[in-house]
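Colleague: Have a look at the structure that comes next, please.
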Amino acid sequence: MTSSSDFARLLQAQRAPQQPQVLFQTVQEICEARFGFRFLTILKNLPGTGNVMRMHSSTTGDYPVGALKPMGLTPWGTVLLERGEAWLGNSREDVLWAFPDAELILSKGCEACACAPVIWAGRCVGVLSLNAARDAYTADDLTEMTLIAQALAPALI
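Position 112, counted from 1, in the sequence shown is what our numbering calls 113; the numbers after and before it change by one each time, with no gaps.
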């Protein structure tokens, strides 16, 4: 269970002047300690474009900040970006279903992906995405990730 000290850290990070980097780094540190990952990304929804923009990446060599990813018109986009629902994939098949760059994700040994929407004023403004080995995440983990993801709202609106 994510502790109240984690939430206090998130709220403190929102107050820091070096935004959004301080908040993104704090989310990354909390997620690494709580859930672990091979890589983490924070995506901003760009409504009407069919794209999301990578705002933060734990592995910028493979997943550079500022890059666009065509996710809005995919089934994954319908779940996350349109309906604002969290999504948990725990197999190769799930990754292939969800991502146009599935082969790159799978090449990193990632068959698990937990995606938590960031909701502001009733719409999805972004997504927190953690990737790891097969079956790394549970539905309970995803519930906690969704709470952590909400701290990202000020940086993504």
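Cβ atoms here follow ideal geometry from the backbone N, Cα and C, with glycine treated the same way.
(1) Are Leu69 and Asn52 close, meaning C-beta to C-beta below 8 Å?
(2) Go through the stretch 89 to 142 residue by residue and report every complete run of the beta strand (DSSP E) that reaches 3 residues or more, in order.
(3) Can you give me the C-alpha to C-alpha distance between Thr60 and Thr50, rounded to a whole angstrom?
(4) Skipping 5 residues on each side, what residues in its chain have a beta carbon closer than 7 Å to that of Leu105?
(5) Spatial neighbours of Arg93 within its chain, please: C-beta separation below 7 Å, excluding the five flanking residues on both sides.
(6) Can you tell which of Gly73, Met56, Arg84 has the C-alpha that lies nearest to the C-alpha of Arg124?
(7) In terms of residues, what are the limits of the alpha helix (DSSP H) holding Ile31?
(8) Quick one, which of Cys32, His57, Ile31, Ala34 has its alpha-carbon nearest Gly127's?
Modeller: This is what the structure holds:
(1) yes
(2) 113 to 121, 124 to 133
(3) 25 Å
(4) Asp63
(5) Leu107, Glu112
(6) Arg84
(7) 22 to 35
(8) His57
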